[in-house]
Structures are given as C-alpha cells and as structure tokens.
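>
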Amino acid sequence: MGNKINRRTFIGAASVVGAGLSMEFPGILYASGSDKLKPAILGGPQAHPEQFPGWPVIDQLESKALEEVLQSKNWCRLGSDKVSNFETEYQKLTGAKYALATSCGTSALSTVLGALEIGPGDEVIIPVYTFIATYNVVVLNYALPVFVDTDIESFQIDANKIEAAVTRQTKVIMPVHIGGSPVDLDKILEISRKTGIPVIEDACQAHLAEWRGKKVGNYGLAGAFSFQGSKNLNSGEGGAIITNDETFAQTCYRFHNQGQGGRVAGFNPGTGTRGTNVRLTEFQGNLLVAQMSRVIEQTNIRTQNANYLTKMLNEIPGITPAKLYEGTTRSAYHLYMFRYDKSQFAGLSRDKFLDALNREGVPCSSGYGMMNKDEYVTGLAQNKHYLNIYGEKVMNQWLERNQCPQNDKLTTDQSVWLFQNMLLGSRTEMEQIAEAIGKIREYAGEIKKV
Ligand SMILES: Cc1ncc(COP(=O)(O)O)c(C=O)c1O
C-alpha cells in the first residue's frame, strides 16, 4: 500500500484538488490532471484495488460452537440451554433486564406487536426510510402503518413530525435506528410520555448503539434486533427482543412459543390469546455467543474508522456525512450514510457518481427509496381486507397522509451508503475511500460524458 506518509500526503492532494481549500493536508504529490489522479472509470488506477474485509469473521470458536450443538443432539431450545445462555449474555451486553431470542428480526417485531395485541383498526407510526420489514410486521396484523417523513440531515425519522401523525387509533410509535445510528430518542420519548403511546425501538441495525450512554433498545417498552447475515452480529438468521418489563417479557416469551409459558419444555398454555413459533435454534444461539466474543472490538474499530472518514469527507464540498443527534454516544455504523450534492460535482448524477465510486473498488449503494410510493405499499389501499376493515375513504386518506417530501428529496438523488464491513478495514482504506471521492469530484465534468 505504499508508505504511510506518502499515502497521507496523497490524500492531502486529493482533498486539496477535490476541495480546493483544505489547509489540513498541505503536501501535493500529484498535480491536478495527472494520470495518477484519474478516476478508474476514466482509465486511471483504482483508489482501492484490494478487497475490504469479508463478513462475517470466523475461526475455530464458531466451528466448536456448532459442533458442540451437533453432537449434543439437542438442536431445539426446549429442554436445552444454548439459546438461554445466549439470552443471558445478550442481557449483559445490552444492559437490559430481559432478552428473548427469536428466529429473526422480523419475528422479534411481530412478537412485540403480537404481545401488544395490535390488530385491525390500530395505527402504528413508522419511518418511511426503513427496510420493508418494519412495514410488513404492521400489515401482517391488519393494522395501519403511518409513515413519518425523514430528517434529511440524519436519515432518521423526523421526530418533530411524529406528533402530527398521532391519532386516537395510534397504538405504537416504532422508530428505527437506521444505519445503526440512534433516532432522536429524547423527543420521541417525550411524545410517548405526553400521549401514553408506547415506543418500540426497531434496533435491527443498531447492535451496541448508545443514546446518552445506554444501549438503544432499552428506551422503549422493548427493542428488536436482527442477526441476519449482513448484520453487525450475525447467525445467518436470528433476532432478539430486549425489555426491562418483566410482564411484557413473559408475554413475548409465550407469544413466540405457541402461547405456552415457561422457559422449559412443557405444554402449559399461557394466558395470551395468540401465539406462534419463532424460536431460535440451539445452533444459532451458540453461534451468536461465539460471534459476541468479537462484537465490542469490531464496534470500536467501526467507530474509529467512521470518525476518521467523516473528518476527511467533511473536507469535500458536496459530501455531507449523516448527522448524529446530540444524545448519540455511539453509532453501530451498520451503514455509513452520506448525502451527495451533484451541484458541487459539475452536475454529475448521483447514479453516475455511484457507478464511478464502485469502479474505484469502493462498494456503495443509493440505499432505500420512497417506500410510501412503492406499488407494493400503495396497493394496500386496494387490499380487500383493508377495504373491509377501514373502508375506501380511510384508505384514500391514508394515501394522502403518507406524503414524505423530504424523503423524496433525499432518496431521489442524494443518499449514498457504504457498508459496515468496509469500516472494519484499515485507516489506509478509509483514506482510499476519501481519495476515490476526491478524484471523482475533480473529474466529474469528464465522467458526465462517459
Ligand atoms: C430496520 C430493520 N427492521 C427489521 C429487519 C428485519 O430483520 P430480519 O431480516 O432479521 O427479519 C431488518 C433487517 O434487515 C432491518 O434492517
């Protein structure tokens, strides 16, 4: 990778060339226009020719964990102890009083909504900028998902717009810590206190993220996590609920176990009215314990790299890293999100920018779109069950209520994502990301033509 000082100096050059104003990196190794600075899309060398670290990270610990369960022949949590053991460890990690493992993040959210008896006629407030699972769990209960617009600066739900979305039917406020960065919990909890409506944190992307020194997921009535393959803590599929309310923990346990109570095998029906089976397997429970041995260190590396990257990207006009709210004491950085302003890149479209960045060996994506305008979502207004429950007028009003102009703006041509595994790379690799963007900016006018 060349010598560190030269690399730094080179980044300095890229920043100076790209930004035209950085005083922080005074040395210029390559003059503007030199072939060495040409973007890969124009035939220059890739800024990041290597691979970013792969995901997940494994060694003998994972092999042993899986082999142990295999040989025990106890593969189901009922009558065994691996999932229970994971729950104890997850309680310690998150600081929550209770943790319940589930088959995935979606079923963690479904269990919470099931335990709250959410059903037809109820409304659940969700952000428009989220993974479709947040929406699906509401619709599976024939409740009405009500979208709230995005704070374009943070990519998170705009907490200032939540209160206006509350009606007498609102039963849950379900913010999502998108990209692993906390939503503005102070404001949201204040609305919850005022209205008496419980908050359920969709923390599926936010393992170990903290708000005012406490792990997210602990602030609402419950928090839901995902251990799906891409997540910062992963068992292929898997999920967990954390809560500090004992009665609610028991209700969730019963719901996830066919309405049956107790933490050991048994056929004693619980007191809940409904239930399902979304239990985690012993394989996944033990695998998660192995993966958890690395999660704190990995989170620290991501934080350090993300902070360094933010410092460099702040030097490039037209690139604005997603804002963290003042109460954030740690982001999980499941995603590294920033806004792209094409007016600072000679009018180069966001999609062309993404293409050029990918060509530099820097994987990136435009991220989520306008969920509220997706045919899959607007089609709900014609769903026969929804028409039966709510009627045509209410469903048409629902379409009207779901307008999210800020989210339209963000997702049309500004949002850019990088991924958590990239943040496990070296400091040099962070510099290469910044260097790639600086090169693209410098040559944006030429890239526009290809
Ligand atoms: C915000 C959010 N909510 C819910 C989920 C659902 O989790 P899972 O895929 O484990 O069901 C995900 C997973 O990608 C997510 O990102």
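Residue numbers are given in numbering that gives the first Met the number 0: position 189 of the sequence shown equals residue 188, and the series is strictly consecutive.
Don't be surprised by glycine CBs; every beta carbon is placed ideally from N, CA and C.
1. Would you say Glu245 and Cys103 are within 7 Å of each other, going by their C-beta atoms?
2. Determine the contact status of Gln257 and Gly274, defining contact as a CB-CB distance below 7 Å.
3. How long is the line joining the alpha carbons of Met421 and His47, rounded to whole angstroms?
4. Which one or two residues does DSSP pair with Leu238 in a beta bridge?
5. Measuring only the C-alpha atoms, how far is Ser83 from Arg76?
6. Helix or strand or just coil, what does DSSP make of Ala433?
7. Helix or strand or just coil, what does DSSP make of Val147?
8. Spatial neighbours of Ala30 within its chain, please: CB distance less than 6 Å, with the 5 preceding and 5 following residues excluded, ordered by chain position.
9. Can you name the residues that DSSP bridges to Asp121?
10. Regarding Thr275 and ligand 1, is the C-beta to nearest heavy atom distance less than 6 Å?
11. Just confirm the distance between the C-beta atoms of Ile124 and Val138, as a whole number of angstroms; I'd bet it's less than 8 Å.
12. Rounded C-beta distance between Asn285 and Gln419? I'm assuming under 8 Å.
13. Is the distance from the Cβ of Leu99 to the Cβ of Ile240 below 7 Å?
14. Locate the beta strand (DSSP E) running through Phe418, then write down its first and last residues.
15. Could you check where the beta strand (DSSP E) with Glu200 kicks off and where it finishes?
16. How big is the Cα-Cα spacing for Asp340 and Leu409?
17. Can Gln531 be considered in contact with ligand 1, in the sense that its beta carbon sits closer than 6 Å to one or more heavy atoms?
18. Should Val182 be listed as close to ligand 1, given that the test is whether its C-beta is under 6 Å from any heavy atom?
19. Can you tell me whether Thr328 is helix, strand or coil according to DSSP?
20. Would you kindly work out how many angstroms separate the C-alpha atoms of Asn395 and Met370, rounded to a whole number?
21. According to the Cβ coordinates, are Val215 and Ala223 closer than 7 Å?
22. Look at the alpha carbon of Ser109 and the alpha carbon of Val136, and state the distance between them as a whole number of angstroms.
23. Which residues share a DSSP beta bridge with Phe337?
24. Using the C-alpha atoms, what's the distance from Pro174 back to Ile446?
25. Under the three-state reduction of DSSP, which class applies to Asn276: helix, strand or coil?
26. Since Phe95 and Asn299 are thought to touch, with beta carbons under 8 Å apart, how far apart are those beta carbons, to the nearest angstrom?
27. Cβ of Phe130 within 6 Å of any heavy atom in ligand 1?
28. Hey, would you say the C-beta of Gly238 is under 6 Å away from at least one heavy atom of ligand 3?
29. Using the Cα positions of Gly179 and Gly317, report the straight-line distance between them to the nearest angstrom.
The short version:
1. no
2. yes
3. 11 Å
4. The amino acid occupying residue 238 in the given sequence is Gly; Leu does not appear at that position. For Gly238, which the question treats as bridged, DSSP gives the partners Thr101, Ser225.
5. 8 Å
6. Taken through DSSP and simplified to helix, strand or coil, Ala433 comes out as helix.
7. Correct three-state label for Val147: strand.
8. Note on Ala30: pLDDT 39, under 50, position unreliable in the model; no value is reported.
9. Answer by DSSP bridge pairing: none, since Asp121 is not bridged.
10. Distances between the C-beta of Thr275 and the heavy atoms of ligand 1 are all 6 Å or more.
11. At roughly 14 Å, the Cβ-Cβ gap does not stay under 8 Å, so Ile124 and Val138 are not in contact.
12. With 8 Å as the limit, Asn285 and Gln419 do not qualify as a contact, their Cβ atoms being about 23 Å apart.
13. yes
14. First-last of the beta strand (DSSP E) with Phe418: 414-418.
15. 199-201
16. 10 Å
17. Residue 531 lies beyond the stretch modelled for the chain, which goes from 0 to 449, so this question has no answer here.
18. no
19. strand
20. 17 Å
21. no
22. 6 Å
23. Pro320, Val415.
24. 39 Å
25. strand
26. The sequence given here places Ala at residue 95; Phe does not occur at that position. So it is not a contact: roughly 21 Å between Cβ atoms.
27. yes
28. No copy of ligand 3 occurs in the structure displayed; its ligands are ligand 1 alone.
29. 23 Å
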